[in-house]
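Here's the structure we're looking at; comments come further down.
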Amino acid sequence: MRVLILFLYLFSTAYLQAQTKPDTVATGEFTIEATRIHKPNLDQPVHVSRIDSARIALQKGMDIGDVLSQHSFLYIRNNGPGAASVISQRGFGGEQTRVLWEGMPINHQMLGVTDLSLLPAGTFSEIEVTSGSGSSLYGSGISGTVYLKSSPQPDQVSLGQSVGSFGNYITNGSAGISLGEFTFNLKGSTQNNENSYRYYDQSTGSVENRSRGAFENDQIIGGLNWKKNNLSAKSSLWWSRADHEITENIYSGPGSATQFDESVRWVNSMKLYADNFVWEGKIYLAKTALDYFNPDINTESKSESRDLNAEFSTTWFFSENLELNGNISGMITEVETNNYSEIKSRKQFSSGVNAAIIPIEKLKIYPAFRLDHYSDFGTAVSPSIGFNIALIEDEFALRGSVARNFRAPTFNDLYWPDGGNENLKAERGVKSEVGLVHEKTGAVSFSQQLSFFYINMDEGIKWLPNSSGRFQAQNIQEITSRGMEWSGGISTQIANWQFGSDHSVAYTRAFISEERFSGDAAVGNQLPYIPQVKYSGSVHLAFTGFSVMFNGVYVDERFTTEQANEITKADSYLVFDATFNYSRNISKTEISVIAKANNLFDESYSIVRFYPMPLRNFLINLTLTQKF
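Following this note's numbering, the numbering of the sequence shown begins with 856 at its first residue and continues without gaps.
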């Protein structure tokens, strides 16, 4: 039945593709931030996907993980509403994916990952996902980059209220004011979710309720921009707080663990445009606190991470055929926790250079080189080279890249009691990709990207028993990942009607490629919780203030153990969501009503085995926006 539904969905999508227009079609009218190569998508050397503010605005009640799952080729490993949500990209985990906010890394220093469940989608204005040129541009990271932006919305004030299933209440608001050379913006939200949701228990054959999983999340993000002549400055401050109950698997009982997260991040930048140069300086300050408490096992883990990062860069536009960018940065990180015997710190110095070279017409070459020195494990050198060949001017290009990447050990890898290993080296990886990009604008606009990739990582960090039988972090793992990614969208407008459709599909074969110990039975098996096939797509229809969007996500079956045991395999799933929106302008006031139906066909599924996802559920949002 699910295969039939997917076939009909794709068929209807294909029919609309002759005359459709989603908000997220990438047309070359924007430049990419996530690669440090400030060129249109058509000129990039790597696969880049963009989720714009119009699409994000419809995702009421969702976090960044939900949005990425629905609108990109990324697989998001989610333990359920309000629980941890972590990226998997090209077969690698959240530790190997660099998550950036306004160009600054926000991966947790102890854990290495970014919990996307803590990041409401409405906090951000734009998301870019890229395989990237790797560490040569942004440092630590093997698989790719997720870049989050918080752009101002000037001259308007809005207030919204959402009410959803399972006791989910979200209040959000924003304000933007322009005064001469200054632009001020403020955005905030508060969420209270009881999370006592319905799920289908296959063992009992009945619908049950998750009795625990309450979630509170508060966010405030503000910015001040100033621009005069050839000088501009920007300051952004982001405070977040989350307090939630930790759900156990359905066969372990409700549990009693809780977790509290709080962070403050502040980034300041200044740009100077002078003749053929652009100079930019950035200062980033961050403090992140985490408190995990489980009275059942008498465990409490408290930690506070503090970051100071300073970066200076310059871009030299030597000619139309040569653009050169150089940057240096220094970062100091401290971690204070009751898990370590003392405060641990890390000092990092980085310098890099990248260029855009056009040696002949229609050929662009992107070399890059970066050196990172860490006080705790040494030096990493990261070169890369990319190319883009215009096969049809402003429409069709062949592109590719090769990069040498690394991933720094986390603080827990190095210092966790009875398991951390201060002799660890950085993970190393070689990544290559080649692909095509095709874009065309007009009465019917469309874009599509096709990429083939190969990644080999050695010195991978894995916690395994050492010679004394104690689990310890070791540089013992080699992983190979290869596959294909395709994404595309098509759009048009006929009179007052707009039609749109966009899709992405990824095939990933990721496996342990060398024995870690004699007789390693996991060699050659697909890695746990890495689906070979993942698809997401949407169909969008709009007419004079009314719009409807259908989303579909299919995830192939996943193994849950390294031994690829068929008995413990997690089933494939296909989930559809629907969003209805009505907006009306009365003078300068806009009234918007959004109604969402999630898991439209009541699919019984789990992303992580024994952590069931909700059955059909609903959310409605009312937002008033006053424009000046």
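The C-beta atom is built at its ideal place from N, Cα and C for all residues, glycine as well. Note that this is a predicted model, so its numbers are computed, not measured.
| query | Can you list, in chain order, the residues of its chain whose CB lies under 6 Å from that of S1402, leaving out five sequence neighbours each side? | reply | As a first step, residue 1402 must be located in the sequence shown, where it is residue number 547. Within the same chain, S1402 has close Cβ partners N1436.
| said: Just verifying my parser: in three-state terms, what is the DSSP assignment at I906? | reply: Here residue 906 refers to the residue found at position 51 of the sequence shown. Assigned with DSSP and collapsed to three states, I906 falls in strand.
| message | Count Cβ pairs between the region 964-980 and the region 1071-1089 that sit closer than 8 Å; are there 3 or more? | response | Yes: at least three Cβ pairs fall under 8 Å.
| request: Assign A1088 to one of three DSSP states: helix, strand, or coil. | output: As a working mapping, residue 1088 is identified with position 233 in the sequence shown. Under the three-state reduction of DSSP, A1088 is assigned to strand.
| request: Look at the alpha carbon of T1169 and the alpha carbon of Y1460, and state the distance between them as a whole number of angstroms. | output: Along the sequence shown, one-based indexing puts residue 1169 at 314. Along the sequence shown, one-based indexing puts residue 1460 at 605. When rounded, the distance between both Cα atoms is 50 Å.
| field | Beta-carbon proximity list for Q1008, same chain, < 7 Å, skipping 5 on both sides | value | In the sequence shown, the residue the question calls residue 1008 occupies position 153. Only S1029, G1031 and N1040 meet the Cβ criterion.
| field | Unbroken beta strand (DSSP E) run spanning V968, endpoints | value | By 1-based counting over the sequence shown, the position of residue 968 is 113. Neither: V968 is in no beta strand (DSSP E) and is coded neither H nor E.
| DSSP state of G916 mapped onto helix, strand, coil | As a working mapping, residue 916 is identified with position 61 in the sequence shown. Coil.
| task | With a threshold of 16 other CB atoms inside 10 Å of the CB of W1352, please say whether the residue is buried or exposed. | result | Reading the sequence shown from its first residue, position 497 is the one you call residue 1352. Flag for W1352 reads exposed.
| field | Counted within 10 angstroms of its Cβ, other Cβ atoms place N1080 as buried (16 or more) or exposed | value | By one-based count along the sequence shown, residue 1080 stands at place 225. The residue is buried, with at least 16 neighbouring Cβ atoms inside 10 Å.
| said: Assuming G1343 and F1398 are in contact, meaning their beta carbons sit under 8 Å apart, how far apart are those beta carbons, in whole angstroms? | reply: Numbered from 1 along the sequence shown, position 488 holds the residue referred to as residue 1343. Numbered from 1 along the sequence shown, position 543 holds the residue referred to as residue 1398. In fact, because the Cβ distance is near 24 Å, the residues do not count as touching under 8 Å.
| query | Going by DSSP, which residues form a beta bridge with E1340? | reply | By 1-based counting over the sequence shown, the position of residue 1340 is 485. Note: E1340 sits in a beta bridge opposite S1306 and A1361.
| Around the C-beta of P960, are 16 or more other C-beta atoms found within 10 angstroms, so that it is buried, or is it exposed? | In the sequence shown, the residue the question calls residue 960 occupies position 105. Classification for P960: buried.
| Taking Cβ positions, are S904 and T985 nearer each other than 9 Å? | If you number the sequence shown from 1, residue 904 lands on position 49. If you number the sequence shown from 1, residue 985 lands on position 130. Closer than 9 Å, so yes.
| Those residues which DSSP pairs with F1473 across a bridge | Sequence index remark: in the sequence shown, residue 1473 carries index 618 (1-based). Bridge partners of F1473: A1452.
| query | Would you report the Cα separation of D1146 and S1359, rounded to the nearest angstrom? | reply | On the sequence shown, residue 1146 is found 291 positions in, with the first residue counted as 1. On the sequence shown, residue 1359 is found 504 positions in, with the first residue counted as 1. Spanning the two alpha carbons is a distance of roughly 37 Å.
| task | Report yes or no: do the region 952-971 and the region 1261-1275 share at least 3 C-beta pairs separated by less than 8 Å? | result | Per the Cβ contact rule, the region 952-971 is in contact with the region 1261-1275 (3 or more Cβ pairs under 8 Å).
| field | Beta-bridge partners of N1330, as assigned by DSSP | value | Indexing the sequence shown from 1 puts residue 1330 at position 475. Answer by DSSP bridge pairing, in chain order: I1316.
| message | What residue range does the alpha helix (DSSP H) around S1107 cover? | response | Indexing the sequence shown from 1 puts residue 1107 at position 252. Counting along the chain, S1107 sits inside no alpha helix (DSSP H), nor does DSSP assign it H or E at all.
| For D1231, which of helix, strand or coil comes out of DSSP? | Stepping through the sequence shown from its first residue, residue 1231 is reached at position 376. D1231: coil per DSSP, three-state reduction.
| query | DSSP puts H1099 in a beta bridge; with which residues? | reply | In the sequence shown, the residue the question calls residue 1099 occupies position 244. Beta-bridge pairing links H1099 to F1070 and Q1114.
| said: Quick check: the region 1083-1098 against the region 1123-1143, are at least 3 beta-carbon pairs closer than 8 Å? | reply: Counting C-beta pairs with one atom in each stretch, the region 1123-1143 and the region 1083-1098 have three or more that are closer than 8 Å, which means they touch.
| query | What are the residues that DSSP puts in a beta bridge with K1295? | reply | Taking the sequence shown and counting its residues from 1, the one referred to as residue 1295 is at position 440. K1295 pairs with F1301.
| request: Please report how far the alpha carbon of Q1418 lies from the alpha carbon of G1374, in whole angstroms. | output: The residue given as residue 1418 occupies position 563 in the sequence shown. The residue given as residue 1374 occupies position 519 in the sequence shown. Near 12 Å, if we compare the C-alpha coordinates of G1374 and Q1418.
| Cα-Cα separation between S1442 and T1480, rounded to whole angstroms | For the purposes of this step, residue 1442 is identified with residue 587 of the sequence shown, where counting begins at 1. For the purposes of this step, residue 1480 is identified with residue 625 of the sequence shown, where counting begins at 1. Roughly 11 Å between the two C-alpha positions.
| request: Compute the beta-carbon to beta-carbon distance between Y930 and V1410, rounded to the nearest angstrom, for a pair I have assumed lies under 8 Å. | output: For this step, residue 930 is matched to residue 75 along the sequence shown. For this step, residue 1410 is matched to residue 555 along the sequence shown. Indeed they touch by this definition, with Cβ atoms about 7 Å apart.
| request: Could you pull out every residue in the same chain whose Cβ sits closer than 8 Å to the Cβ of N1330, ignoring the five residues on either side in sequence? | output: If you number the sequence shown from 1, residue 1330 lands on position 475. Within the same chain, N1330 has close Cβ partners L1279, K1280, E1282, E1314, G1315 and I1316.
| field | Burial state of F1173 (16 or more Cβ within 10 Å) | value | Counted from its first residue, the sequence shown places residue 1173 at position 318. Result: exposed.
| request: Can you grab the Cα-Cα spacing for the pair A1450 / I919, in whole Å? | output: As a working mapping, residue 1450 is identified with position 595 in the sequence shown. As a working mapping, residue 919 is identified with position 64 in the sequence shown. For A1450 and I919, the distance between alpha carbons rounds to 19 Å.
| query | Can you name, in chain order, every residue of its own chain whose Cβ lies under 6 Å from the Cβ of N1149, other than the five neighbours on each side? | reply | Working through the sequence shown from its first residue, we reach residue 1149 at position 294. Here the set comprises A1112.
| DSSP puts H1395 in a beta bridge; with which residues? | One-based indexing of the sequence shown puts residue 1395 at position 540. Note: H1395 sits in a beta bridge opposite G1355 and M1404.
| message | If you reduce the DSSP assignment to three classes, tell me which class N1149 lands in. | response | Your numbering for residue 1149 matches position 294 in the sequence shown. In the structure shown, N1149 sits in a strand (DSSP, three-state: E or B).
| field | Inter-residue spacing [alpha-carbon to alpha-carbon] between T1363 and G949 | value | Taking the sequence shown and counting its residues from 1, one reaches residue 1363 at position 508. Taking the sequence shown and counting its residues from 1, one reaches residue 949 at position 94. Taking the straight line joining both Cα atoms gives about 16 Å.
| said: Taking the beta carbon of G1035 as the centre, do at least 16 other beta carbons fall within 10 Å, making it buried, or is it exposed? | reply: Sequence index remark: in the sequence shown, residue 1035 carries index 180 (1-based). Exposed, by the Cβ-count rule.
| S924 and I906: beta carbons closer than 9 Å? | Locating residue 924 in the sequence shown gives position 69, counting from the first residue. Locating residue 906 in the sequence shown gives position 51, counting from the first residue. No; because the gap between Cβ atoms is not below 9 Å, this pair is not in contact.
| message | Please tell me whether G935 and E1100 are closer than 9 Å, where the distance is taken between their beta carbons. | response | Stepping through the sequence shown from its first residue, residue 935 is reached at position 80. Stepping through the sequence shown from its first residue, residue 1100 is reached at position 245. Taking a C-beta distance under 9 Å as the contact criterion, G935 and E1100 do not qualify as a contact pair.
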